[in-house]
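J.: For the record, the sequence lines run as chains S and E.
Start counting the first sequence at 1; every next residue gets the next number (the working numbering).
Start counting the second sequence at 1001; every next residue gets the next number (the working numbering).
Each residue gets a CB set at the ideal place from its N, CA and C atoms; glycine is no exception.
Just so it is clear, the structure is predicted and the values come from calculations on it, not from any experiment.
My questions all concern the structure below.
2 protein chains.
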Amino acid sequence: MRIAELSDRSGVPIPTIKYYLREGLLPPGELIGRNQARYQERHLHRLRLIRALREVGGLSVAATREVVSVLDSPASGRHEQVGMAHRAVVRRVAADPDDPQWRDARRRAEAWVRELGWRVEPDAPALDQLAGVFLAAARLGDEWLLAQLPRYAEAGLRLAEVEVPPTLALADPAESMAAVAVGTVLGEALLAAVRLLAHEHVSATWRPTPERPAAPDRSATPPAGECAPRNGADADPHPPPVG
Amino acid sequence: MRIAELSDRSGVPIPTIKYYLREGLLPPGELIGRNQARYQERHLHRLRLIRALREVGGLSVAATREVVSVLDSPASGRHEQVGMAHRAVVRRVAADPDDPQWRDARRRAEAWVRELGWRVEPDAPALDQLAGVFLAAARLGDEWLLAQLPRYAEAGLRLAEVEVPPTLALADPAESMAAVAVGTVLGEALLAAVRLLAHEHVSATWRPTPERPAAPDRSATPPAGECAPRNGADADPHPPPVG
DNA sequence: CACTATCGGATAGTAGCACTATCCACTATC
DNA sequence: GATAGTGGATAGTGCTACTATCCGATAGTG
Chain S
1 MRIAELSDRS GVPIPTIKYY LREGLLPPGE LIGRNQARYQ ERHLHRLRLI RALREVGGLS
61 VAATREVVSV LDSPASGRHE QVGMAHRAVV RRVAADPDDP QWRDARRRAE AWVRELGWRV
121 EPDAPALDQL AGVFLAAARL GDEWLLAQLP RYAEAGLRLA EVEVPPTLAL ADPAESMAAV
181 AVGTVLGEAL LAAVRLLAHE HVSATWRPTP ERPAAPDRSA TPPAGECAPR NGADADPHPP
241 PVG
Chain E
1001 MRIAELSDRS GVPIPTIKYY LREGLLPPGE LIGRNQARYQ ERHLHRLRLI RALREVGGLS
1061 VAATREVVSV LDSPASGRHE QVGMAHRAVV RRVAADPDDP QWRDARRRAE AWVRELGWRV
1121 EPDAPALDQL AGVFLAAARL GDEWLLAQLP RYAEAGLRLA EVEVPPTLAL ADPAESMAAV
1181 AVGTVLGEAL LAAVRLLAHE HVSATWRPTP ERPAAPDRSA TPPAGECAPR NGADADPHPP
1241 PVG
């Protein structure tokens, strides 16, 4: 197909496609004549992947290039694939490595992961992000968030246990990398959206337990509260306004 | 304190503080003379909150202003607070409301939430983000992600059940809003970091089950696989390389 | 008191990002 | 053979988030 069809089917404007070609996000089409090139279905799929990473995942063009460049490179190990996807996804923390507060937060992040028994490289980019959260929480005087760490660890691990094995089972490295990228990036957006929706649901249906009324302050061990049923519309006394 | 001390203690350069004052992120200090103002501890705390939202949460200056403006406004209901925090956090989806594909994805998002029995407003911004994920997954031909939706729902709900009630228990609206903002934004960053670390851990310790070897393709119902122990360094056969 | 540093406030400038527009010589197609 | 479209190059745009500079006034110091 020519560039116009690529643009129509992907919804990406032609100048933007040319921009992605220049930036190396999209491999060039097969040159037919001096000013004619032919694009295949894989170009269309790549374009859709680029848009998904950019718009849903919020990746920058540079981060997207990092991800898709691994798709084009001959072969790389699982570890590199995962590391690449993580490096593209984590929010860059502008931290001074000499700042003692930062070093302390970073050290605590490593210590916490070690306590969990998780097998993680010391230079994992997610450790920086975790340290950034630790540092911000400490500066804001929010000890509640850190008290709930085990909950987050459990949620993350349960998700990882279903997210990771399917990608490890893939034989083709390119396919594996694509699965890692999509799973990591779209999975994060999906989880974030679902968490927000759950927040709204709990916020709308929660009421304080009579025997243990609402506490005046937000201590490290808050009351559990009573929530609406976990699942199933049948058990919900409140008809959902959605739809 | 004067602006220099504010800058020193917060780590934010003076021109940036002036910029935040202009943009209305930071309330002005108490004017002493024609060119002297005094700042309090609350200004320092606000500055730290701004930096946390910006650097850890990745919020734009405009979104940060939306959040902190609610802190300054007299009083607003819980619902507005949660809605504000969500609107600031969700990734903007540039979707054409007339696109039938988009409408279908959006409709499926609403239907799924309704099936869960969750009480969510139809105009919740997270529904747009969820629809964006649905649409991207459909375009990429990734049906696996959608097959795992119940896992994400469970993870999101369990998190929300511990994250939301403590903020609802707060009496002071300003304090409540601050807790909602910090919990929503920092919690998302924390969850994302922990999920990435868990990915790395599972990726490093997983091996296919002998009786059911690695499947050649990534079907909608992948093999469960065998993972390292959930918790506790004692049970972990692999000494963690961290530290 | 003089002198220097700093202040609040205003205006202007900058760097980076992600496109977007225009131009060109050429070519496919009606 | 007119017209629209093509690949490739270069330049320009709009936005965001700061930074820099200047000003007259004032605080602190000796």
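#1: Kindly provide the ranges of any alpha helix (DSSP H) runs that are 4 or more residues long and lie completely inside the stretch 1114 to 1155 of chain E, ordered along the chain.
#2: What does the alpha-carbon distance come out to for the pair isoleucine 14 of chain S and glutamate 41 of chain S?
#3: Of all the CB atoms in chain E, is at least one closer than 8 Å to the CB of valine 70 of chain S?
#4: Taking 8 Å as the CB-CB cut-off, is serine 1248 of chain E touching chain S?
#5: Show which residues of chain S have a CB atom less than 9 Å away from the CB atom of alanine 1037 of chain E.
#6: Say whether chain S places a C-beta atom closer than 8 Å to the C-beta of tryptophan 1118 of chain E.
#7: Does the stretch 51 to 68 of chain S come within contact of the stretch 1128 to 1139 of chain E, defined as at least 3 CB pairs closer than 8 Å?
#8: Counting Cβ pairs, one atom from each stretch, are 3 or more of them under 8 Å apart for the stretch 1113 to 1133 of chain E and the stretch 1162 to 1174 of chain E?
#9: Does glycine 1156 of chain E have its Cβ less than 8 Å from a Cβ in chain S?
#10: Taking the CB atoms as reference points, tell me whether leucine 1026 of chain E and leucine 1059 of chain E lie closer together than 8 Å.
#11: Quick check on alanine 88 of chain S: buried or exposed, where buried means 16 or more other Cβ atoms within 10 Å of its Cβ?
#12: Jot down the residue ranges of each uninterrupted alpha helix (DSSP H) in the stretch 1 to 52 of chain S, minimum 4 residues, whole runs only, in chain order.
#13: Indicate whether the contact test is met: 3 or more Cβ pairs, each with one atom in the stretch 151 to 163 of chain S and one in the stretch 60 to 71 of chain S, closer than 8 Å.
#14: Using only the alpha-carbon positions, how far apart do leucine 130 of chain S and leucine 1149 of chain E sit?
#15: Taking aspartate 1096 of chain E as the reference, give the member of E/Gly1132, E/Arg1078, E/Ala1085, E/Trp1118 with the closest Cα.
#16: Within the same chain, show all residues whose beta-carbon is closer than 8 Å to that of alanine 102 of chain S, passing over the 5 residues directly before and after it, in chain order.
#17: Buried or exposed, going by whether 16 or more other CB atoms sit within 10 Å of the CB of leucine 1031 of chain E?
#18: Does the beta-carbon of glycine 1083 of chain E have 16 or more other beta-carbons within 10 angstroms, so that it is buried, or is it exposed?
#19: Just checking my contact of threonine 1184 of chain E with alanine 1085 of chain E at CB under 8 Å: how many whole Å lie between their CB atoms?
#20: Given that a residue counts as buried once 16 or more other Cβ atoms are within 10 Å of its Cβ, and exposed if not, what is histidine 1079 of chain E?
#21: Ends of the alpha helix (DSSP H) at alanine 198 of chain S?
#22: Quick check on arginine 139 of chain S - is its C-beta less than 8 Å from some C-beta in chain E?
#23: Please give the ranges of any alpha helix (DSSP H) in the stretch 58 to 106 of chain S, keeping only runs that are unbroken, at least 4 residues long and fully inside the region.
#24: Is it buried or exposed, alanine 171 of chain S, if we count other Cβ atoms within 10 angstroms and call 16 or more buried?
#25: So, does the CB of histidine 1043 of chain E fall closer than 8 Å to a CB anywhere in chain S?
#26: Does alanine 1063 of chain E have its Cβ less than 8 Å from a Cβ in chain S?
#27: Look up leucine 1170 of chain E in the DSSP assignment and say whether it is helix, strand or coil.
#28: Take the Cβ of serine 10 of chain S as the centre, count every other Cβ of all protein chains shown within 10 Å, and call the residue buried at 16 or more, exposed below.
#29: Can you grab the Cα-Cα spacing for the pair leucine 1191 of chain E / tyrosine 152 of chain S, in whole Å?
#30: Under 8 Å between beta-carbons, which chain E residues line up against glutamine 40 of chain S? List them in chain order, please.
#31: In angstroms, rounded to a whole number, what distance separates the CA positions of leucine 1021 of chain E and tyrosine 1039 of chain E?
#32: Would you mind sorting glycine 117 of chain S into buried or exposed? The rule is 16 or more other CB atoms within 10 Å of its CB.
#33: Should glycine 1077 of chain E be labelled buried (16 or more other beta-carbon atoms within 10 Å of its own) or exposed?
#34: Here's the rule I'm using: 16 or more other beta-carbon atoms within 10 Å means buried, otherwise exposed. How should glutamine 81 of chain S be labelled?
#35: Could you check what DSSP says for alanine 214 of chain S in three-state terms: helix, strand or coil?
#36: Tell whether a beta-carbon distance below 8 Å holds between leucine 1071 of chain E and valine 113 of chain S.
T.: According to the data block:
#1: 1125 to 1140, 1143 to 1147
#2: Here residue 14 of chain S refers to the residue found at position 14 of the first sequence. Here residue 41 of chain S refers to the residue found at position 41 of the first sequence. If I take the Cα positions, the gap works out to 16 Å.
#3: For the purposes of this step, residue 70 of chain S is taken as the residue at position 70 of the first sequence. With a threshold of 8 Å between beta carbons, valine 70 of chain S makes no contact with chain E.
#4: This structure leaves residue 1248 of chain E out entirely; chain E is present only between 1001 and 1243.
#5: Here residue 1037 of chain E corresponds to residue number 37 of the second sequence, with the count starting at 1. The premise fails here: alanine 1037 of chain E is roughly 23 Å from chain S at the closest Cβ pair, so nothing lies under 9 Å.
#6: The count along the second sequence starts at 1 and reaches residue 1118 of chain E at position 118. It does; some Cβ of chain S falls within 8 Å.
#7: yes
#8: no
#9: For this step, residue 1156 of chain E is matched to residue 156 along the second sequence. Chain S, which has a Cβ nearer than 8 Å to the Cβ of glycine 1156 of chain E, makes this yes.
#10: Position 26 of the second sequence, counting from 1, holds the residue named residue 1026 of chain E. Position 59 of the second sequence, counting from 1, holds the residue named residue 1059 of chain E. Taking 8 Å as the Cβ cut-off, leucine 1026 of chain E and leucine 1059 of chain E do not qualify as a contacting pair.
#11: Within the first sequence, residue 88 of chain S is the residue found at index 88, counting from 1. Buried, because 16 or more other Cβ atoms sit within 10 Å of the Cβ of alanine 88 of chain S.
#12: As far as the stretch 1 to 52 of chain S is concerned, its whole alpha helix (DSSP H) runs of at least 4 residues are 3 to 10, 14 to 23, 41 to 51.
#13: no
#14: Indexing the first sequence from 1 puts residue 130 of chain S at position 130. Indexing the second sequence from 1 puts residue 1149 of chain E at position 149. In a straight line, the C-alpha of leucine 130 of chain S is about 25 Å away from that of leucine 1149 of chain E.
#15: Locating residue 1096 of chain E in the second sequence gives position 96, where the first residue counts as 1. Aspartate 1096 of chain E has its Cα closest to that of E/Gly1132, out of E/Gly1132, E/Arg1078, E/Ala1085, E/Trp1118.
#16: On the first sequence, position 102 is the one that residue 102 of chain S refers to. The amino acid at residue 102 of chain S is misidentified as alanine; the sequence shows tryptophan. Here the set comprises Ala95, Asp96, Ala131, Leu135.
#17: Taking the second sequence and counting its residues from 1, the one referred to as residue 1031 of chain E is at position 31. Exposed, since its Cβ has fewer than 16 Cβ neighbours within 10 Å.
#18: Counting from one through the second sequence, the residue named residue 1083 of chain E turns up at place 83. Buried.
#19: Sequence index remark: in the second sequence, residue 1184 of chain E carries index 184 (1-based). Sequence index remark: in the second sequence, residue 1085 of chain E carries index 85 (1-based). Between threonine 1184 of chain E and alanine 1085 of chain E, the beta carbon gap of about 4 Å places them in contact (Cβ cut-off 8 Å).
#20: Taking the first residue of the second sequence as position 1, residue 1079 of chain E is located at position 79. The residue is exposed, with fewer than 16 neighbouring Cβ atoms inside 10 Å.
#21: Walking along the first sequence from the start, residue 198 of chain S turns up at place 198. Residues 173 to 205.
#22: Along the first sequence, read from residue 1 onward, the residue named residue 139 of chain S stands at position 139. Yes, its Cβ sits closer than 8 Å to a Cβ of chain E.
#23: 61 to 72, 78 to 89
#24: As a first step, residue 171 of chain S is located in the first sequence; it is residue number 171 there, counting from the start. Looking at its Cβ environment, which holds fewer than 16 other Cβ atoms inside 10 Å, alanine 171 of chain S is exposed.
#25: Residue mapping note: residue 1043 of chain E aligns to position 43 of the second sequence, counting from 1. Judged by the 8 Å Cβ criterion, histidine 1043 of chain E is not in contact with chain S.
#26: Walking along the second sequence from the start, residue 1063 of chain E turns up at place 63. Interface criterion not met: the Cβ of alanine 1063 of chain E is under 8 Å from no Cβ in chain S.
#27: Looking up residue 1170 of chain E in the second sequence gives position 170. Three-state DSSP puts leucine 1170 of chain E in coil, outside helix and strand.
#28: The count along the first sequence starts at 1 and reaches residue 10 of chain S at position 10. With 16 or more other Cβ atoms within 10 Å, it is buried.
#29: Counted from its first residue, the second sequence places residue 1191 of chain E at position 191. Counted from its first residue, the first sequence places residue 152 of chain S at position 152. Using only the alpha carbons, I get a separation of about 6 Å.
#30: For the purposes of this step, residue 40 of chain S is taken as residue 40 along the first sequence, with counting starting at 1. Within chain E, no residue comes near glutamine 40 of chain S; the closest Cβ sits about 16 Å away, beyond 8 Å.
#31: Position 21 of the second sequence, counted from the start, is the residue given in the question as residue 1021 of chain E. Position 39 of the second sequence, counted from the start, is the residue given in the question as residue 1039 of chain E. Cα to Cα, the separation comes out at about 12 Å.
#32: What you label residue 117 of chain S is simply residue 117 of the first sequence in a count that begins at 1. Result: buried.
#33: To locate residue 1077 of chain E, count along the second sequence from 1; it is residue 77. Looking at its Cβ environment, which holds fewer than 16 other Cβ atoms inside 10 Å, glycine 1077 of chain E is exposed.
#34: For the purposes of this step, residue 81 of chain S is taken as the residue at position 81 of the first sequence. Buried is the call here.
#35: Numbered from its first residue, the first sequence carries residue 214 of chain S at position 214. At alanine 214 of chain S, the pLDDT of 44 sits below 50, so the modelled position is not reliable; the number obtained from the coordinates is stated separately. Annotated three-state conformation of alanine 214 of chain S is coil, per DSSP.
#36: As a working mapping, residue 1071 of chain E is identified with position 71 in the second sequence. As a working mapping, residue 113 of chain S is identified with position 113 in the first sequence. The answer is no: Cβ separation not under 8 Å.
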